[in-house]
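Trainee:
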Amino acid sequence: MSSFTLFFNKLSFLFRRNRFRSELDEEMAFHREQSEQELIASGMPADQAHMAARRQFGNATHLREQSHSFVAFRWESVAQDLRFALRQLRHNLGFALTAIFILALGMGVSVAIFAFVDAALIEPLPYFAPNRLMDVAENSTMFTRSNLSREDYEDWKRLNHSFSSLDAYSGTGYLLRTPSGPEPVPAARVTDGFFSTLGVRPILGRDFRSGEDRPGGAKIAILSYGTWQKRFGSRNDVIGQSMTLDGDTYTIIGVLPREFAFAPRANAEFYVPLLDKSECESRRSCHNLFAVGRLRDGVSPQAALEEMKAIAAQLAVQFPGSNQGQGAAVQPLANIIIGPVKPVLLTLLVASGLLLLIASVNVASLLLVRSESRRREISVRGALGATPIRLSRQFITEGLLLAVAGCMAGVLVSKWAMTILMTLIPASVAINIPFLSHVGFHVHSALFASAVALLAAGLMAVTPILRLSFLDIRDGLGDGGRASAGRFWERIGANLVIAELSIAVVLLVGAGLLGKSFYRLLHVDLGFDPTHLATLQMAAPSKSYPKPEQKLALLREITRRLSALPGVQSVGITSDLPVQCNCDTDWIRIVGKPFHGEHNEVDERDVSPAYFATLKARLIRGRLFTEDDDASKSQKVVINEALAQKYFPGEDPIGKRIGNGNLDPKSLREVIGIVANVREGSLDEDLWPSEYEAIYFSPGNFFSIAVRTSGDEKAILPVLIKTLHGIDPNLGTYGEITMIDQINSTQSALLHRFSTWLVGGFAGIALVLGVVGLYGVVAYSVSQRTREIGVRMALGAQRSTVYKMVMRQAGWLTFAGIVIGLVCAVGASTLMDKLLFGVQAWDAATLALVAVVLASASLAASFLPAYRAASVNPTEALRAE
Amino acid sequence: MKKPDLLPGTLDMLILKTLSRAPLHGYGIAQSIKRVSDDVLTVEEGSLYPALQRLLLQGWVKAEWKMTETNRRARFYTLTAAGRKQLGLELSQFEQMMAAIGRVLSEPV
C-alpha cells in the first residue's frame, strides 16, 4: 500500500474520529460481555465472571490509546498534549500568569540591556574596517591622552610609517548668519583626508581634496546630514551654495550620510578644512588637535605606539622647550568612543543576568511546588496506563507552553524596556552617544533572546521531570510517601531559595554601593555654591569686536546691564565655567625656583572681578581682581589652594611671580590672592592646581557668564538672552543652563545616576522575588507539616514553640542566603570598582544595611506561614487525614 | 500449563486467515483462533483490537455492524481483495521461513 493512500485513509479516519472511538468502545464492550456470559455459562459466579472477563481482556484504556495511535497522525497526540496543557494552565491561571510574568520580566530586562551592550560594544563602529582605526594623541604626566599641537601633528604625519593615513580634527564653533540673526553652531575643523581615513563618503557633492586644508586655502564646508535637513531643507542644489560663518563666506561642497556620526565631535553641524593656523596652532606648545590614524596592513597597534613614542622622543630632543615630557598615546578609536560607558554597560548586563537567573530559579521552584501538588494526578494517570514517556511529554509540553508564552511576553517587555531606557537619557547627552540610534531588537539581540528562551524552555521542561523521576506511583496513590517526597522537595526548594536570596543580596549590595557613590559624587566639595546660579555661553563676532578695548567695553556693559536686572545679585564672566573639564591648561614656571623644562600643567581661567563673589568661592589670602586690573596695569594672577600647596609648599605665595617656561617678561604675573579650590574638572576627577587671570587684561571673543540670582535661576535664563541681544543683536548665545542642571547632566553624574537607578530597580525586583521564594518554601513546608504540628500541639506544644520551629527554618535559609550573598557581593563589587566613587567594595555600612533589609523582609515573609502554623487547630489537623 | 506466546508478527496473519473463512466479529475471531488451535494459541484478547484497526487502515479488512444470532449489535470484519492478496503474501513468507527453520533443525548433530 502506498504511503499516499495510507495518508488519505488516515485523513478519512481523522474526520470520523468520534465515530471511531465510539465504535471501538462498543465492540470492546461487546467482547467483554460475551466472555463474561461464556464464563457464567461454564459455571462461574456472576461477580467473578465480570472481573475475570475484564482481566482477560487487558487494559482497555491502554488498548484504546494504542488503536488510536495506529490510525492517528503523530501530531494529533502533540495537539492533545497541548490541549491538555492549556486546560491545566487555565485551571491554574494564577500560577501560569505568575510564571509567565516573572519569566517575561527577567528575560525582557536582560534582552533590553543586551540590546544596548550590542549596539555599543559588539556592533562595530560605522566606519570602514573600524578595528584598524586608532586614536592618536600626545600624553604627559598629567594626562594619559592629551591634544596634539598642529606642528607636532604635521611632524608625526610626515615621519610615521605605521599609518596609511593620519588625520586631525578639532572642535570649534561659529556664528552662523541666519535670517533670524546670528546663531552659534558647533562645528569641527578637520584635515583634508579625515573622511577618507574613516572610510566615509559624502552622499551629495564631494569630499575634501588633498591639499585643501593648507593655510590660505578656499573656505569650503561639508554639512552633516541633520544640518542639511534642518537648515537647508534636504535640497539637492545646496552644493555650491554659500553660507556665512563668523562673517566669512564658505561654499558648501558636500553632505555626509545620515548614519555618519563621530562621537568625539558628535554635535558638529559643519566640517571645514583646518586652513589657517590659529594663534594657538602657530605655537608647538599649544595643543588643540586630536588625530585618527588608519593602521597599515600588518602593523599592530603596539608597533604603531612604539613608533609614535620614538617620534615623540625625537621631537622632545629637537624642541626641548615645547616637547620635553610629551609622549604619544595610540589606542583603538573604539576605546575612546565607548570607553566611559563600557563599565556601566557591563555592570548592567551582569545585573540583568542575575535578575534573569533569579527569575528562572523562582519559576523553577514554582514548577516544583506545582509538580508536588500534582503527585496524585500523575500517579492516577500512571495507574490508568499512561506510560512514563507519555507523562513526561505532557510535562514537557506544559513547560514549553509556559516558556513560549513567557518569552513572547519577554520580547514585548524588552521592547518596552528599551523605550523607557532611551527616555531616561537626556537628548543633550544622547547626541554624544551615537550607538543609541542603533539600539533595537536586531540579529544579536534576537539570538540572545532565543538563547534565553531555549534555556528557559529547557529549565521548565526538565524541572518537573527531574521531580517525576523520583516519584513512585504507589507512593503518590497511597499518600503514604508524603514524608520522603516532602523532604526531597524541601531540600531542593531550600537550596533554590538560598540561591535566590544570595543573588538578591549581590544586587542589593551593588545598588547600595552605586547609590552611595552617586550620593558622594553629587556631594563632592565644589568650592562654590551651585544653587541659584544661571549660566550661559557667549560668542562676540570678531568682525564687530576686533580690538581688545572693544571687547573690554562689551564685558563691562554686559556686567552692568545684567547686574541691573531684577532678581540678579551679581554677574561673573569667565573663560570656562566650573565642573567642565581639566582643560585649557597652561605650563607655568615659578620665578626663583629651580626649573629643568618640566611641564607644570595647571588649569588656566580668565575671570572678571565679580566672578568669585558670584560663585561664592572663598578667598583665603590676599585679594581678588578689581575693575582696575586691566591691560593698563602689570599682569596679576589669583591661584587656588592646590597650586599654592604644590608649588609654594610652606611659604607665602602672595607677591611671588609666575611666568611661562622661558620666563618671557610679557608672561610674568604676580600672585595677588589664594582662593579655596573651585572644582574645574568633572565631579570624579582629582582637583587640579588652577590659576585665574584677569579677563579684563586680555579679553577674548568666547566667554561664559555666571549669574547669581535671588529667585528662580531657571526663569531668568531667557531674560538674560534677551538682555544680551538688547546690547547687540549680533551676539551669539548658547548653552544656557542652570548650574545644578549642568552638574546633573555631566557625563559622570549621568552614568552614575543611570547605573544607580537601573541596578537599584533590578535589586528591588530581585528582593521581591527572593522573599516570595522564601515565603513559598516556608508556606509549603508548613502546609506539609500541618498534621505533625497538630500532633505536637495535641501533645502539649505551646504556640510559641510552633512559631519558633517555623521561624527557625526561615531564619536558617535567610542567614545562609545573606552570608553567601555578602561574600559574592564583595567579589562582584570589586569587579565594578571603576564605577565606585568614594566608597569601597567592602563598605561595611552598605553590607550591614543590605543584611538588615533582607533579614527584615524575610522575617516579614515567613511570619505569615508561622502564624498560620501556630493557629492550627489540633483536632481539625488530625481529622484532616 | 503455560501457553506459548504467539510468534511476533503472526497476529495479523492469523486474523486474516480466520476471516478468509467467514466474516466474524472481534470476539468471534478470538474464539475461532483458540478453538482451531486446540487452545494452544491464545491472544491477549484486547490486543486484537489495535491489530484490527491497523488492518482496517491498510484496507485489508472492512467492517460493518450487523446483528448476531443472539440479536446483539456487533461489528463484523470481512476480508477484502487486498487482504486476500496480503494473506497469500504473508503465508508464503511464513512457509518459506518455516521451511528454512525446519532445514536447520533437521540437520544431523
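Just so you know, the sequences run in chain order B and Y.
Just so we're aligned, residue 682 is where the first sequence starts under our numbering, counting upward by one.
Just so we're aligned, residue 6 is where the second sequence starts under our numbering, counting upward by one.
Positions of the beta carbon are idealized from the N, C-alpha and C atoms, including for glycine.
List, in order along the chain, the chain Y residues whose C-beta lies closer than 8 Å to that of Ser703/B?
Mentor: The contacting residues do not exist; Ser703/B stays about 11 Å from chain Y at best.
Trainee: List the DSSP bridge partners of Asn820/B.
Mentor: Looking at the DSSP assignment, Asn820/B forms a beta bridge with Gly1008/B.
Trainee: Within this structure, are the beta carbons of Tyr54/Y and Gly33/Y separated by less than 8 Å?
Mentor: No, these two residues do not count as a Cβ contact at 8 Å.
Trainee: So Val1507/B packs on Ala1522/B, CB below 8 Å; how close in whole Å?
Mentor: The pair is a contact, with the Cβ atoms about 6 Å apart (cut-off 8 Å).
Trainee: Please state the DSSP three-state secondary structure of Arg1163/B.
Mentor: Summary for Arg1163/B: the model assigns pLDDT 48, below 50, so the residue's position carries little reliability; its value from the coordinates is reported in the next sentence. It is helical.
Trainee: With H, G and I counted as helix, E and B as strand and the rest as coil, what does DSSP make of Val1400/B?
Mentor: DSSP places Val1400/B in helix when its eight states are reduced to three.
Trainee: Following the continuous alpha helix (DSSP H) through Trp837/B, name the residue where it begins and the one where it ends.
Mentor: Arg831 to Leu840 is the extent of the alpha helix (DSSP H) around Trp837/B.
Trainee: Using beta carbons (cut-off 8 Å, strictly below), is Gly93/Y in contact with chain B?
Mentor: No, Gly93/Y lies away from the interface with chain B (no Cβ there is under 8 Å from its Cβ).
Trainee: Is there a C-beta anywhere in chain Y that falls below 8 Å from the one on Gly724/B?
Mentor: Output row for Gly724/B: interface = no.
Trainee: Whole angstroms are fine: how far does the CA of Ala1547/B sit from the CA of Tyr1484/B?
Mentor: Approximately 5 Å between the Cα atoms of the pair.
Trainee: Compare the C-beta of Gln58/Y against all C-beta atoms of chain B and say whether one is closer than 8 Å.
Mentor: Interface residue, yes.
Trainee: With distances taken from CA atoms, which of Val1533/B, Met1488/B and Pro1259/B is nearest Gly1500/B?
Mentor: A quick correction: the sequence has Val, not Gly, at residue 1500/B. Ranking Val1533/B, Met1488/B and Pro1259/B by Cα distance to Val1500/B puts Val1533/B first.
Trainee: Helix, strand or coil for Ile1146/B per DSSP?
Mentor: In the structure shown, Ile1146/B sits in a helix (DSSP, three-state: H, G or I).
Trainee: 8 Å is my cut-off, CB to CB: does Ser748/B come that close to chain Y?
Mentor: So yes, Ser748/B belongs to the interface.
Trainee: Going by the CB atoms, is the gap between Met1513/B and Ala1130/B shorter than 8 Å?
Mentor: Against a cut-off of 8 Å, the Cβ pair of Met1513/B and Ala1130/B comes out as no contact.
Trainee: Can you tell me which of the three DSSP states Arg844/B falls into?
Mentor: Contrary to the premise, residue 844/B reads as Phe rather than Arg in this sequence. Correct three-state label for Phe844/B: strand.
Trainee: Closer than 6 Å by C-beta to Arg1163/B: which residues in its own chain qualify, once you throw out the five before and the five after it? Chain order, please.
Mentor: Reliability fails at Arg1163/B, whose pLDDT of 48 lies under 50, so the model's placement of it is uncertain and the value that follows must be treated cautiously. Excluding sequence neighbours, Arg1163/B sits near nothing in its chain.
Trainee: Of all the options Ala1192/B, Trp909/B, Ala1108/B and Ile721/B, which has the alpha carbon lying nearest to the alpha carbon of Val1031/B?
Mentor: The shortest Cα separation from Val1031/B among Ala1192/B, Trp909/B, Ala1108/B and Ile721/B belongs to Ala1192/B.
Trainee: I think Val1458/B touches Leu1494/B, with their Cβ atoms under 8 Å apart; what is that distance to the nearest whole Å?
Mentor: At roughly 7 Å, the Cβ-Cβ gap stays under 8 Å, so Val1458/B and Leu1494/B are in contact.
Trainee: Taking 8 Å as the threshold (C-beta atoms), are Tyr1377/B and Leu1246/B in contact?
Mentor: No. Outside cutoff.
Trainee: Please list, in chain order, the chain Y residues whose beta carbon lies closer than 9 Å to that of Gly739/B.
Mentor: Those within 9 Å of Gly739/B in chain Y are Glu49, Glu50, Gly51 and Ser52.
Trainee: Along chain B, which residues have their Cβ under 7 Å away from the Cβ of Pro55/Y?
Mentor: By Cβ distance, chain B contributes Leu744, Gln747, Ser748 and Phe751.
Trainee: Do you know offhand how far Asn1358/B's Cα is from Leu1368/B's?
Mentor: Answer to the nearest angstrom: the Cα atoms are 8 Å apart.
Trainee: Looking at the C-beta of Asn699/B, does it have a partner C-beta in chain Y at a distance below 8 Å?
Mentor: Judged by the 8 Å Cβ criterion, Asn699/B is not in contact with chain Y.
Trainee: Once DSSP output is grouped into helix, strand and coil, what is the label at Val1205/B?
Mentor: DSSP places Val1205/B in coil when its eight states are reduced to three.
Trainee: Leu60/Y to Phe1076/B, Cα distance in whole Å?
Mentor: Distance between the alpha carbons of Leu60/Y and Phe1076/B is about 33 Å.
Trainee: The beta strand (DSSP E) that contains Val1249/B, what's its start and end?
Mentor: Its beta strand (DSSP E) spans residues Val1249 to Thr1255.
Trainee: Tell me whether Ala1018/B is buried or exposed, calling it buried when 16 or more other Cβ atoms sit within 10 Å of its Cβ.
Mentor: Before going further, note that residue 1018/B is Ile rather than Ala in the sequence given. The residue is buried, with at least 16 neighbouring Cβ atoms inside 10 Å.
Trainee: Applying a beta-carbon distance threshold of less than 8 Å, which residues of chain B neighbour Ala79/Y?
Mentor: What Ala79/Y touches in chain B: Glu708 and Phe711.
Trainee: Below 8 Å on the Cβ atoms is my guess for Val1190/B versus Val1531/B; work out the distance and round it to an integer in Å.
Mentor: Contact flag correct, Cβ pair sits at about 5 Å.
Trainee: Would you kindly work out how many angstroms separate the C-alpha atoms of Pro783/B and Ala777/B, rounded to a whole number?
Mentor: Note that residue 783/B is Ile in the sequence shown here, rather than Pro. Spanning the two alpha carbons is a distance of roughly 10 Å.
Trainee: For the stretch 1115-1130 of chain B against the stretch 788-806 of chain B, do three or more pairs of beta-carbon atoms, one drawn from each stretch, fall closer than 8 Å, so that the two count as touching?
Mentor: The stretch 1115-1130 of chain B vs the stretch 788-806 of chain B: in contact.
Trainee: Please name the residue, chosen from Glu988/B, Arg736/B and Ser693/B, that lies closest to His712/B on a Cα-to-Cα basis.
Mentor: Here the closest residue by C-alpha is Arg736/B.
Trainee: Tell me where the beta strand (DSSP E) around Arg1270/B begins and ends.
Mentor: Thr1266 to Ile1271 is the span of the beta strand (DSSP E), which, as asked, contains Arg1270/B.
Trainee: In the DSSP assignment, find the unbroken alpha helix (DSSP H) run with Pro1024/B in it and report its ends.
Mentor: Lys1023 to Ser1054 is the span of the alpha helix (DSSP H), which, as asked, contains Pro1024/B.
Trainee: What would DSSP say about Phe796/B, mapped onto helix, strand or coil?
Mentor: Checking the displayed sequence, the identity of residue 796/B turns out to be Ala instead of Phe. Here Ala796/B sits in helix by DSSP.
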